[in-house]
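Written out below as structure tokens is the structure these notes cover.
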Amino acid sequence: MLTKKGKYGLKAMVHLAGVEPGALAQVTDVADANSISKKFLDHILSELRHAGLVYSKKGRGGGYALARSAHEIRVGAIIRALDGPLAPIGCASVTAYRACDDCADLTNCAVRLVMVDARNAIALILDNYTLAEMRALKQPLQMADMYDI
């Protein structure tokens, strides 16, 4: 499940994707426009900066901007930076694999196999959407429309 930190981080990144090239957004403006606590947003933007997704300038005229084009930033990368791996359980993770203490047969564990499929389905969507595409969305997507379900 996406945490509030992940959700607010996505909202902030969509906001920054709308800032004119070369301009910086003030934390207060981003927070106010997206109903996010400034203190919480400061923490989120700090994590995104450490992940190389945004940059900041301190002092008068300072603020935040995307570290690279919104067309180059994948939604999955933003979520991983803030919430960690996409997998619902550690043994299904690609980036942070962790064996389960109670699993004797990793290759035939039905729980793991289903969770790997779930992780792959989530990654298929999140890693194929760019921030620019996310910003351009105007109405909710229907899974049936996207995948002929």
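Residue numbers (the numbering used here): 3 to 151.
Just so it is clear, CB atoms sit at the ideal spot from N, CA and C, and this is done for glycine as well.
It should be emphasised that the depicted structure is a prediction, and the values quoted were computed from it without experimental measurement.
In this structure, residue 12 and residue 66 do not form a Cβ contact; the two beta carbons are roughly 15 angstroms apart against a cut-off of 8 angstroms. Counting along the chain, residue 60 sits inside no alpha helix (DSSP H), nor does DSSP assign it H or E at all.
One Cα belongs to residue 34, the other to residue 54, and the distance between them is close to 24 angstroms. Of the other Cβ atoms in all chains shown, 16 or more fall within 10 Å of the Cβ of residue 83; this residue is therefore buried.
The secondary-structure analysis by DSSP pairs residue 68 across a beta bridge with 56. Going by beta carbons, residue 88 and residue 124 fall inside the 8 angstroms limit. For residue 27, DSSP records a beta bridge to 66. For residue 132, the pairing in a beta bridge is given by DSSP as 76.
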